[in-house]
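Student: Position one of the sequence shown corresponds to residue 14 (my numbering), numbered consecutively onward. Backbone N, C-alpha and C define an ideal beta-carbon position, used for all residues, glycine too. Please read all numbers here as calculations on a predicted model, not as lab measurements. Let me give you the structure first, and then I'll get to my questions.
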Amino acid sequence: MKFMDKGTIIRTIVLAIALLNQFLVIFNKSPLPISNEELEQILSSVFTLVVSLIAWYKNNYVTSKGKQQREVLQEVNLAKS
14 MKFMDKGTII
24 RTIVLAIALL
34 NQFLVIFNKS
44 PLPISNEELE
54 QILSSVFTLV
64 VSLIAWYKNN
74 YVTSKGKQQR
84 EVLQEVNLAK
94 S
């Protein structure tokens, strides 16, 4: 018997949580005791944080491969020293 891989298990659990959340919302049982304004602020903050970290990581040479790329670019005068 083959077992499910980790990704399948995680997706199945997330789907079950989403379906449970939908049923609770249908019956006016909010699973999260927060207001719409608080939810909007939280989502906005999380979005800003994630996008900022991605932009910082992508635009800076933080990995060993990135450092090698910077050295090559500096050798041909295409990057600042």
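Buried or exposed: VAL27, going by 16 or more other Cβ atoms within 10 Å of its Cβ?
Tutor: exposed
Student: Do PRO46 and SER34 come within 8 Å of each other at the CB atom, strictly closer than that value?
Tutor: Rather than Ser, the amino acid found at residue 34 in this sequence is Asn. Not a contact, by the Cβ cut-off of 8 Å.
Student: Ordered along the chain, which non-local residues of its own chain (more than five positions away) have a Cβ less than 7 Å from that of ALA92?
Tutor: ARG83, LEU86
Student: Can you give me the C-alpha to C-alpha distance between ALA29 and LEU56, rounded to a whole angstrom?
Tutor: 22 Å
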